[in-house]
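Student: Heads up: the sequence shown runs through residues 32 to 528, numbered per my numbering.
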Amino acid sequence: MSELLDPPATALDLGLDWPNRFAALGPDFSTFLQPTPLPSPYWVGRNRALARELGLEESWLESQEALAAFTGNLPVAGGRPLASVYSGHQFGVWAGQLGDGRAILLGEAQTALGPQEIQLKGSGLTPYSRMGDGRAVLRSSIREFLCSEAMHGLGIPTSRALCVTGSDAPVVREEVETAAVVTRVAPSFIRFGHFEHFASRDQIGPLRTLADFVIDHHYPECRGSEHLAGNPYAALLQAVATRTADMVAQWQAVGFCHGVMNTDNMSILGLTVDYGPFQFLDGFNPGHICNHSDPGGRYAYNKQPNIAYWNLFCLGQALLPLIEDQELALAALEPFKTDYPRAFEARMRAKLGLADAREGDRDLIEAILKLLAAGRVDYSIFWRRLSLQVAGGSAEPVRDLFADRGALDAWMLQFSERQMTSGQGLSADLMLKINPKYVLRNHLGEQAIRQAKLKDFSGVQTLLTLLQAPFDEHPDHESLAGFPPDWAATIEISCSS
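Below is the structure:
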């Protein structure tokens, strides 16, 4: 690991304080290095809303200095750029040491949102690049930029994206593409794999240092509690499990497929991170595999809850040297088995506009999901039409989505009866605020990417605007809320995406 480097005298001043707490953990955790510059960078997308939320002046996002800084060509004053080391399980197999192979953390800044880490993805080689080139390509950077903000717009815990810059520098994937850098923002980018790394090497001192750091800065409630025998590390495991259960329940409810739920892609804060081969469902297929690199379907849509638990079990094994009691570690994980279904049912009940819980709701939810699966009914369009129908404003009948209309009619009767027996009634307003009109379907992202390759970034900006307010009508963009074209089924997204 390298020594801490002082930033060059010439640097962009964002007007933020930089506590850089992770950087202070020591050389076991990271390597300090500067990003590798790219030639002739240009703006691809800028998230002015996030800039305002961070408390930054919007004007700097228009400047050439900002363009250079967020490409990795100009240092940021106060930052301590580093790449962190971690390990992990990939597709269920222990992969050993991994780490930030193409991401460099500029540092942690004190913002209007609280402490936030600002990271450049695609910013060049690091000691953890293994055989990679340290770069990201335009298509994957646009997808991550848009999906980060799409998930935030949906209210799902996620890392954020401040901007994307591009360069005509060639990058070789399945074909020669052009380079890009996406600036990611999160309270922390610590992953399950950070803990697995030190546990796998029997480095108990750094493991404890990391766990204490996460507890002190992100889960202080885990100290001083009598819960789980007063063991703060068991309490940490349970808190992470609870957040993960809620996150995955929200994925499932909105029809989101992550595509590569390796332990090194799982956030210790329960955030959605590392957008690669993701997809929002078109026709509802519970066994849908969105990742072309996953032919066995380990990360299929309907397997995501079980994979989340498997990953949490791996985290529990990593924390076991600190918990020092296998039964206590298992007890910390046990609530996931009830937390997830409870959170999922709550989200699905909200999608149905039901503000209270009643016996039989699970059967009602399972019945409509079976009907959607049987007819491969478009998931997002069904829920939006149902919301509008309940609100009395749907010009497009829900029945038209189903081949078996008799089965749908029978379910609608049950739904109506449930509405009438609900003490708090059915809320069309709730449905319209939880069932989005706009999601980042693969073909929409692909169209924006094709435009961007021609240096037309208007499609990126249009999608960003819609996805930041996905429940609004946006009448000028009705076509972007419609059914996917036939060619959308031919889009293949892999781990290189």
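Glycine residues also receive a C-beta, built at the ideal position from the N, C-alpha and C atoms.
(1) Okay, do the segment 256-274 and the segment 377-389 touch, 3+ Cβ pairs below 8 angstroms being the bar?
(2) On the criterion of 16 or more Cβ atoms from any shown chain inside 10 Å, does proline 66 qualify as buried, or is it exposed?
(3) Are the segment 107-120 and the segment 39-57 touching, with three or more C-beta to C-beta distances below 8 angstroms?
(4) Kindly provide the ranges of any alpha helix (DSSP H) runs that are 4 or more residues long and lie completely inside the segment 61-119, ordered along the chain.
(5) With a 10 Å radius around its C-beta and 16 neighbouring C-beta atoms as the bar for buried, classify alanine 360 as buried or exposed.
(6) If I measure Cβ to Cβ from isoleucine 135 and keep anything under 6 angstroms in the same chain, skipping five residues before and after, which residues do I get?
(7) Can you name, in chain order, every residue of its own chain whose Cβ lies under 7 angstroms from the Cβ of asparagine 316, other than the five neighbours on each side?
(8) I believe glycine 347 touches alanine 362 by the beta-carbon criterion, under 8 angstroms. Please report the beta-carbon distance rounded to the nearest angstrom.
(9) Check whether the Cβ atoms of tyrosine 306 and arginine 222 lie closer than 8 angstroms to each other.
(10) Quick one: what does DSSP say alanine 40 is sitting in, helix, strand or coil?
(11) Check asparagine 322 in the structure and name its three-state DSSP category.
(12) For lysine 152, which of helix, strand or coil comes out of DSSP?
(13) Which residues in the same chain as isoleucine 465 place their Cβ atom closer than 7 angstroms to its Cβ, once the five residues preceding and following it in sequence are excluded?
(14) To the nearest angstrom, how far is the alpha carbon of leucine 92 from that of alanine 210?
(15) Work out the CA separation of glycine 224 and alanine 500 for me, nearest whole Å.
(16) Output the boundary residues of the beta strand (DSSP E) element that contains glutamate 227.
(17) Hey, isoleucine 187 and proline 352: beta-carbon distance below 8 angstroms or not?
(18) Mind checking glutamine 492: buried by the 16 CB within 10 Å criterion, or exposed?
(19) Note down, in chain order, each residue of its chain lying with its Cβ closer than 7 angstroms to the Cβ of histidine 258, except the 5 sequence neighbours on either side.
(20) Should glycine 286 go down as buried or exposed, given a rule of 16 or more other Cβ atoms within 10 Å for buried?
(21) Pull up the distance between the alpha-carbon of isoleucine 412 and that of phenylalanine 229, whole angstroms please.
(22) Assuming methionine 278 and glycine 301 form a contact by the criterion Cβ under 8 angstroms, report the distance between their Cβ atoms to the nearest whole angstrom.
(23) What separation, rounded to the nearest whole angstrom, lies between the Cα atoms of alanine 100 and alanine 167?
(24) Give the range of the alpha helix (DSSP H) segment to which threonine 369 is assigned.
Tutor: Inspection of the coordinates gives the following:
(1) Not touching, per the Cβ criterion.
(2) As a position in the sequence shown, residue 66 is number 35, starting the count at 1. The residue in question, proline 66, is buried, as its Cβ has 16 or more Cβ neighbours within 10 Å.
(3) Contact holds: three or more Cβ-Cβ distances are below 8 angstroms.
(4) Counting only runs of 4 or more, we get 79-85, 95-100.
(5) Here residue 360 is taken as the residue at index 329 of the sequence shown, counted from 1. Its Cβ being crowded by 16 or more others within 10 Å, alanine 360 is buried.
(6) Translated into the one-based positions of the sequence shown, residue 135 becomes position 104. For isoleucine 135, where only same-chain residues beyond five positions count, the Cβ hits under 6 angstroms are Pro66, Pro112, Ala114, Leu151, Ser154.
(7) Numbered from its first residue, the sequence shown carries residue 316 at position 285. Excluding sequence neighbours, asparagine 316 sits near Ala404, Arg407.
(8) Within the sequence shown, residue 347 is the residue found at index 316, counting from 1. Within the sequence shown, residue 362 is the residue found at index 331, counting from 1. About 10 angstroms separates the two Cβ atoms, so there is no contact after all.
(9) Working through the sequence shown from its first residue, we reach residue 306 at position 275. Working through the sequence shown from its first residue, we reach residue 222 at position 191. Inclusion of tyrosine 306 and arginine 222 in the CB contact set at 8 angstroms is not warranted, their separation being larger than that value.
(10) Reading the sequence shown from its first residue, position 9 is the one you call residue 40. Note that alanine 40 has pLDDT 49, beneath the 50 cutoff, so the model's placement of it is unreliable and the number below is only indicative. Alanine 40: coil per DSSP, three-state reduction.
(11) As a first step, residue 322 is located in the sequence shown; it is residue number 291 there, counting from the start. Three-state DSSP puts asparagine 322 in a strand.
(12) For this step, residue 152 is matched to residue 121 along the sequence shown. DSSP places lysine 152 within a strand segment (E or B) once states are collapsed to three.
(13) Residue numbering aside, residue 465 sits at position 434 when the sequence shown is read from its first letter. Closer than 7 angstroms at the Cβ level, and outside the excluded window around isoleucine 465, lie Ala381, Lys382.
(14) As a working note, residue 92 is residue 61 in the sequence shown. As a working note, residue 210 is residue 179 in the sequence shown. Roughly 20 angstroms separates the two Cα atoms.
(15) Translated into the one-based positions of the sequence shown, residue 500 becomes position 469. Translated into the one-based positions of the sequence shown, residue 224 becomes position 193. If you draw a straight line from the Cα of alanine 500 to the Cα of glycine 224, it is about 33 angstroms long.
(16) For the purposes of this step, residue 227 is taken as the residue at position 196 of the sequence shown. Glutamate 227 -> not in any beta strand (DSSP E); alpha helix (DSSP H) instead, spanning 223-231.
(17) Locating residue 187 in the sequence shown gives position 156, counting from the first residue. Locating residue 352 in the sequence shown gives position 321, counting from the first residue. Contact flag unset, no.
(18) Counting from one through the sequence shown, the residue named residue 492 turns up at place 461. With fewer than 16 other Cβ atoms from the protein chains shown falling within 10 Å of its own Cβ, glutamine 492 counts as exposed.
(19) If you number the sequence shown from 1, residue 258 lands on position 227. Same-chain partners within the cutoff: Ala266.
(20) Start at 1 with the first residue of the sequence shown, and residue 286 comes out as number 255. By the 10 Å Cβ count, glycine 286 comes out buried.
(21) As a first step, residue 412 is located in the sequence shown; it is residue number 381 there, counting from the start. As a first step, residue 229 is located in the sequence shown; it is residue number 198 there, counting from the start. Going by the C-alpha atoms only, they are around 46 angstroms apart.
(22) As a first step, residue 278 is located in the sequence shown; it is residue number 247 there, counting from the start. As a first step, residue 301 is located in the sequence shown; it is residue number 270 there, counting from the start. That pair is a contact at about 5 angstroms.
(23) Position 69 of the sequence shown holds residue 100. Position 136 of the sequence shown holds residue 167. If you draw a straight line from the Cα of alanine 100 to the Cα of alanine 167, it comes to about 16 angstroms.
(24) Counted from its first residue, the sequence shown places residue 369 at position 338. Note, threonine 369: alpha helix (DSSP H), 367-382.
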